[in-house]
Every structure is written in structure tokens, then in C-alpha cells.
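> Quick one: the structure is below, questions incoming.
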Amino acid sequence: MSLHLVDGETHETLEAALAFIDECGQALTSISSRHLRDESSSSSYECCTSRYDQQTYQPEVIDGLWKDFTLQPSPRWCGGDGNCATPNSVGETIKTTRSRAKAGCAKRNRSRDRQRVEILQLRAEAEVLQQRVAALNSKQQKLTMVDGEGYGNSAVGMTQSAASPRQSHDLLFNVWKDLANKRRRLRKEAQDRNRQLRELYATQVTTIETLKRFLMLQEQAKRSIRFATTYYVHSSFDGDDAALLVMEGLHRGLGQIYRDTDRALLSNGLSAITAPFVQTNINPITDAAAYIEVLNCRIVPFDFKVVGRAFWHEITKNYLPNEVERRQSPKAGAEKAISQAFTLELEEGGDPLKIQFRYAGKRVITQHREVLVLLGQSQLLEAFGAAVYGVHFQEKQWLELSELSPGVCLVKVCMGMSVDFDCELPTRHQFVDRMCEMLSKLKQQGFESVLQGVEQSLLLAK
Numbered sequence: 012m013s014l015h016l017v018d019g020e021t022h023e024t025l026e027a028a029l030a031f032i033d034e035c036g037q038a039l040t041s042i043s044s045r046h047l048r049d050e051s052s053s054s055s056y057e058c059c060t061s062r063y064d065q066q067t068y069q070p071e072v073i074d075g076l077w078k079d080f081t082l083q084p085s086p087r088w089c090g091g092d093g094n095c096a097t098p099n100s101v102g103e104t105i106k107t108t109r110s111r112a113k114a115g116c117a118k119r120n121r122s123r124d125r126q127r128v129e130i131l132q133l134r135a136e137a138e139v140l141q142q143r144v145a146a147l148n149s150k151q152q153k154l155t156m157v158d159g160e161g162y163g164n165s166a167v168g169m170t171q172s173a174a175s176p177r178q179s180h181d182l183l184f185n186v187w188k189d190l191a192n193k194r195r196r197l198r199k200e201a202q203d204r205n206r207q208l209r210e211l212y213a214t215q216v217t218t219i220e221t222l223k224r225f226l227m228l229q230e231q232a233k234r235s236i237r238f239a240t241t242y243y244v245h246s247s248f249d250g251d252d253a254a255l256l257v258m259e260g261l262h263r264g265l266g267q268i269y270r271d272t273d274r275a276l277l278s279n280g281l282s283a284i285t286a287p288f289v290q291t292n293i294n295p296i297t298d299a300a301a302y303i304e305v306l307n308c309r310i311v312p313f314d315f316k317v318v319g320r321a322f323w324h325e326i327t328k329n330y331l332p333n334e335v336e337r338r339q340s341p342k343a344g345a346e347k348a349i350s351q352a353f354t355l356e357l358e359e360g361g362d363p364l365k366i367q368f369r370y371a372g373k374r375v376i377t378q379h380r381e382v383l384v385l386l387g388q389s390q391l392l393e394a395f396g397a398a399v400y401g402v403h404f405q406e407k408q409w410l411e412l413s414e415l416s417p418g419v420c421l422v423k424v425c426m427g428m429s430v431d432f433d434c435e436l437p438t439r440h441q442f443v444d445r446m447c448e449m450l451s452k453l454k455q456q457g458f459e460s461v462l463q464g465v466e467q468s469l470l471l472a473k
């Protein structure tokens with residue numbers, strides 16, 4: 012009875028040890044191997060218990076053992092290799108093994124707990140970051156819906172729910188890509204605008220330098236054509252019937268304004284000139300005829316339409332209306348015409364001259380240029396203190412105003428005069444030469460006077 016009780020307690024102890032060994036695994040196996048030399052603790056246990064159960068005891072021996080159970084040593088347990096151990100030593104060994112295994116398992120459990128805590132913390136942080144990413148994606152989708160035109164169609168296909176990390180990456184990539192394209196486009200536009208401004212600045216600088224050079228040439232031309240002879244001029248207007256008939260014929264002879272002007276400028280080479288230029292040509296035709304040509308090219312730093320109005324005002328400021336002007340049909344806005352009849356008295360070195368002029372003029376304005384044409388028929392009435400008959404002038408003047416550059420006007424003047432000396436004088440050859448020289452100077456100074464008045468009026472108006 013008592014033997015079975017002892018065996019049951021020992022058996023329960025061993026079962027607890029084996030269960031602990033199974034739970035702790037390799038740690039307990041390594042600890043048990045130092046105390047038990049068998050291949051496994053379970054085989055040693057079976058060997059010991061089988062031998063212990065196979066021993067036989069007499070009843071009196073059993074009673075003695077039962078009485079002195081706590082004082083007498085327990086029977087020896089033998090292992091498979093011949094080494095035996097008492098039950099007390101086995102229990103102590105099991106307790107030592109259990110305490111060591113518990114210590115090892117406790118250490119291992121604390122490390123595993125720390126790992127689990129760290130994993131839980133990382134999972135919590137990952138969840139918080141995922142929530143922030145989802146909130147940012149939702150906010151980005153709202154901004155994309157509001158400013159869809161500014162960023163293109165990069166987020167059209169995105170849903171309203173929280174986007175996945177891959178979709179979030181694609182969304183941010185598309186947004187940055189659109190911003191980069193927009194930045195590149197703005198930079199290209201700025202570069203184009205900068206290049207245009209540089210070209211405009213270079214053009215303006217070139218225009219200013221050209222204008223300065225032209226004005227210097229113009230001043231030199233003005234100084235070169237100054238004459239020592241002083242003319243004292245007095246003019247009187249007369250519009251009798253004979254003058255009206257002459258001016259009517261002159262108006263009919265104006266012809267095609269543009270075609271005649273282009274032909275005149277092309278024939279003398281003035282059409283190709285774009286710089287200040289002055290030239291006077293006296294070409295004798297016969298002993299009693301000559302052709303005088305005066306060419307001028309000037310630069311005026313004003314708009315050609317403004318300069319045209321100033322020229323027209325200078326030409327017509329002493330104009331008196333007559334029947335020719337009232338009878339002709341006006342043309343709306345584009346054409347204007349004048350008729351002038353006056354007598355000019357002047358002195359050259361104390362010698363008086365008297366010339367009768369008859370003019371008919373027309374002005375044509377277009378978008379790109381302005382043309383003034385004057386057709387005249389005149390005669391010499393008095394020269395060098397004596398009356399003269401048979402000296403007639405046929406002249407035609409072309410004045411073209413065009414735009415050289417914005418705000419700069421190019422003035423071209425071509426004056427041609429045919430002089431016929433149908434008179435008998437003892438010194439006609441000398442008289443013809445002197446009269447041609449005087450008329451060329453008179454025309455040149457007349458143009459300079461008109462141009463000076465135009466410049467003064469423009470400066471005062473500015």
C-alpha cells in the first residue's frame with residue numbers, strides 16, 4: 012500500500028518533469044543531458060521504473076521500509092549503463108533541472124515578450140502612418156478636383172477612398188511631373204519674351220544710332236547748301252480769270268499720282284536712297300533750253316502722317332480759296348487739292364527779279380505713305396532791273412513721305428524744271444547760265460524754308 016503511494020508521487024513528479032521538458036524544448040534537453048548520460052530522459056525513466064517495479068520485497072521488509080521511509084535511503088535506481096541512483100537523488104536532480112529550465116525559460120520568455128511589445132509598437136506606428144497617408148491622399152484628391160485644370164488630368168482616375176501606397180506614389184509622381192512641365196513651359200515663355208525684348212532693344216539702339224548719323228549728315232548737308240547771296244522776297248496773290256484757266260489745265264495734267272511719283276523717283280535713283288542726300292543737276296538741252304533737277308532726302312524723327320500734315324500746312328498756309336477749289340468735287344478723306352497763283356519779287360545782290368507762279372497741287376494719303384504733287388507753270392517778268400519776255404518755266408515737284416522706322420519719317424523730294432529762253436539777248440548764253448543757277452538755288456532754299464517751318468511746328472506741337 013505504502014509502496015504504491017511512493018511510486019505514485021514519484022511517477023507524478025517524473026510526469027511533471029517530462030511535461031516541462033516537452034514545453035521548454037531544446038533548452039531542457041541540454042540541461043538534462045548533463046545529469047543523465049542516456050540518449051533521452053524518457054528512456055532513462057522507463058529503464059529505472061521498469062527495474063524498480065521488477066524488484067520483490069517481503070512483507071516484513073516492506074513494513075520496515077514504510078515505518079522508516081523518511082529516514083532510510085530509498086532503493087537504488089539503475090540506468091541502462093549500470094549507474095544507479097536513489098529516489099532522493101533523482102528527485103533532487105529533477106528539482107535542480109526544473110529550476111534551471113525555469114530560469115532559462117524565464118529569460119527566454121522575457122526576450123520574446125520584448126520582441127512582441129516592439130512588434131506591437133511598430134504595428135501601431137505603421138497603422139498611424141497609414142492613416143496619415145490616407146488623409147493626405149484624400150486632401151490631395153480634393154485639391155486636384157478643385158484645381159483640375161492647373162494640374163491636368165493626373166488624378167482623374169483616382170477613387171474617393173483611401174488610395175493604396177502604390178496609387179499614392181503614382182499620384183505624387185504625376186503631380187510633380189505636371190508641376191515640372193508647367194515650370195518648363197513658363198521658363199520657355201520667359202526665355203522667348205526675353206529674347207524678343209533683347210531683339211527690340213537692339214533694334215531700337217540701331218535705329219537711334221542710325222538716326223543720329225542721319226541727323227549729322229543732314230546738318231552737314233544744310234551747311235553745305237548755304238549761299239552767300241541773300242534774297243529779299245515779297246509775294247502777292249493774284250487770281251484773275253487767266254490764272255484760273257491755267258490752273259484748271261494744270262489740275263487735268265496731274266494724272267496718276269502714284270505712278271508718276273514712282274517713275275520720277277526711280278528714274279533719278281532717289282527711290283533707293285534712305286539717308287540724307289542733296290543733289291542739284293543743271294542739264295543744258297539747247298542754247299535756249301535747260302533742265303534743272305533738285306533732289307533731296309531728309310530724316311525727320313516724327314511719324315510720317317504728322318510730318319505730312321505739317322508739310323501740307325506750310326504749303327497752304329498762304330493759300331487763298333478760289334473758283335477752282337470750289338468747283339472741284341472733294342474726295343472723302345483721302346485726297347486734297349489746291350490751286351495757287353502769286354507773283355514773287357526778290358533781290359539778288361541788289362538786282363531785282365520778278366516771277367509769276369501758277370500751281371496746282373494734290374495730296375494723297377494711304378496707310379504706308381503720303382504723296383504731295385505740285386504742277387506749276389510760271390514766267391519771268393523782270394530780271395536785273397529790266398522787263399523780260401519769253402522766259403517760261405514748266406515744273407513738277409514730287410514729295411513722298413514714308414516710314415523709315417516706327418516714329419521716324421523719310422522725306423524724299425524731287426523737283427524738275429524745264430526752262431525755255433525764247434528771247435533775243437546779246438549775252439543770252441551768260442544770261443541762261445546765271446538764271447539756271449539762280450532758279451536751282453531758289454528751289455533749294457524754298458524747300459529748306461518749308462522744312463525748317465515743319466520742324467519748328469513739330470517741336471512746338473510736341
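Each residue of the sequence shown is one higher than the one before, counting from 12 in the numbering used here. Note that CB positions come from ideal geometry on N, CA and C, so glycine has one too. All values reported here derive from a predicted model rather than from experimental measurement.
Below 8 Å on the Cβ atoms is my guess for Gly387 versus Tyr302; work out the distance and round it to an integer in Å.
Actually they are not in contact, since the Cβ atoms of Gly387 and Tyr302 sit about 15 Å apart, beyond 8 Å.
> Apart from the five residues on each side of it in sequence, which residues of its chain come closer than 6 Å, Cβ to Cβ, to Glu414?
Closer than 6 Å at the Cβ level, and outside the excluded window around Glu414, lie Phe315.
> Quick one: residues in its chain with C-beta nearer than 7 Å to the C-beta of Gly344, no 5 flanking neighbours on either side, listed in chain order?
The predicted position of Gly344 is uncertain, since its pLDDT is 36 and thus under 50; no value can be drawn from it.
> Can you check DSSP and say which residues form a bridge with Phe404?
Note: Phe404 sits in a beta bridge opposite Ser389 and Val430.
> Considering just the uninterrupted stretch of the alpha helix (DSSP H) at Val317, what are its terminal residues?
Run containing Val317: Phe315 to Thr327, per the alpha helix (DSSP H) assignment.
> DSSP three-state label for Val375, please.
Correct three-state label for Val375: strand.
> Label Trp187 either buried or exposed according to how many other C-beta atoms from any shown protein chain fall within 10 Å of its C-beta, with 16 as the threshold for buried.
Exposed, since its Cβ has fewer than 16 Cβ neighbours within 10 Å.
> Are Val305 and Ser451 touching if we call contact CB-CB under 8 Å?
Cβ atoms of Val305 and Ser451: closer than 8 Å.
> Go ahead and pull the three-state DSSP assignment for Val311.
In the structure shown, Val311 sits in a strand (DSSP, three-state: E or B).
> Compare the Cα-Cα distances from Gln483 to each of Asp298, Gln408 and Asp203 and report the closest residue.
Only positions 12 to 473 of the chain appear in the structure, and residue 483 is not among them; the question remains open.
> Cβ of Lys373 within 8 Å of Cβ of Leu265?
Yes, these two residues count as a Cβ contact at 8 Å.
> So what does DSSP say about Thr507, is it helix, strand or coil?
Not covered by the structure: residue 507. The range shown for the chain is 12 to 473.
> By a C-beta neighbour count over all protein chains shown, 10 Å radius and 16 as the cutoff for buried, is Ala283 buried or exposed?
That one is exposed.
> Under 6 Å Cβ to Cβ from Gly401, same chain only, skipping five residues before and after it: list those, please.
The residues are Asp433 and Cys434.
> How would you label Phe458, buried or exposed, when you count the other beta carbons within 10 angstroms and need 16 or more for buried?
Per the 10 Å Cβ criterion, buried.
> Please look up how many angstroms separate the CB atoms of Ile376 and Gly319, rounded, as I've assumed it's under 8 Å.
Yes, Ile376 and Gly319 are in contact; Cβ-Cβ is about 7 Å, under 8 Å.
> Spatial neighbours of Glu411 within its chain, please: CB distance less than 7 Å, with the 5 preceding and 5 following residues excluded, ordered by chain position.
Closer than 7 Å at Cβ, skipping near neighbours: Thr272, Leu276, Arg380, Val382 and Lys423.
> Have a look at Arg369 and Val399 and give me their C-alpha separation to the nearest angstrom.
Cα to Cα, the separation comes out at about 18 Å.
> Leaving out five residues before and five after Thr218 in sequence, what residues of the same chain have Cβ atoms less than 6 Å from its Cβ?
Closer than 6 Å at Cβ, skipping near neighbours: Ser416.
> Rounded to whole angstroms, what's the CA-CA distance from Met156 to Val419? Just pull it up for me.
Taking the straight line from one Cα to the other gives about 54 Å.
> Round the Cβ separation of Leu182 and Asn148 to the nearest angstrom and send it over; I've been treating them as touching at under 8 Å.
Confirmed, about 7 Å.
> Once the 5 residues before and after Asn294 are set aside, which same chain residues still bring their CB inside 6 Å of it?
So the qualifying residues of the chain are Tyr302.
> DSSP on Asp362, reduced to helix/strand/coil?
Here Asp362 sits in strand by DSSP.
> Given a threshold of 16 other Cβ atoms within 10 Å of its Cβ, counted over all protein chains shown, does Val289 qualify as buried or as exposed?
With 16 or more other Cβ atoms within 10 Å, it is buried.
> In the structure shown, what three-state DSSP assignment does Thr291 receive?
If DSSP states are grouped into helix, strand and coil, Thr291 belongs with the strands.
> Quick check on this structure: which residue in His403, Ala146 and Ile310 has the alpha carbon closest to the alpha carbon of Ala299?
The candidate whose alpha carbon is nearest that of Ala299 is His403.
> Which residue marks the beginning of the alpha helix (DSSP H) containing Val461, and which one marks its end?
That run of the alpha helix (DSSP H) goes Arg439 to Ala472.
> If you count every other CB in all the chains shown that lies within 10 Å of the CB of Gln351, and 16 or more means buried, which is it?
Counting Cβ neighbours within 10 Å, Gln351 comes out buried, since at least 16 surround it.
> Given a threshold of 16 other Cβ atoms within 10 Å of its Cβ, counted over all protein chains shown, does Ser460 qualify as buried or as exposed?
So Ser460 ends up on the exposed side.
> If we ignore side chains and look at the alpha-carbon of each, how far apart do Leu391 and Leu364 end up?
Roughly 8 Å between the two C-alpha positions.
> Please report the residue range of the alpha helix (DSSP H) in which Ile268 lies.
Element bounds for Ile268: Ile268 to Ser278.
> Quick check on the burial criterion: 16 or more other C-beta atoms within 10 angstroms. Buried or exposed for Val139?
Exposed, by the Cβ-count rule.
> So for Ala201, helix, strand or coil by DSSP?
Residue state, collapsed to three classes: helix.
> Assuming contact is defined by CB atoms lying nearer than 8 Å, are Ile310 and Pro287 in contact in what I supplied?
Yes. Within cutoff.
> Among Leu208, Val144 and Ala394, whose alpha-carbon lies nearest the alpha-carbon of Glu356?
Checked all of Leu208, Val144 and Ala394; the closest Cα to Glu356 is Ala394.
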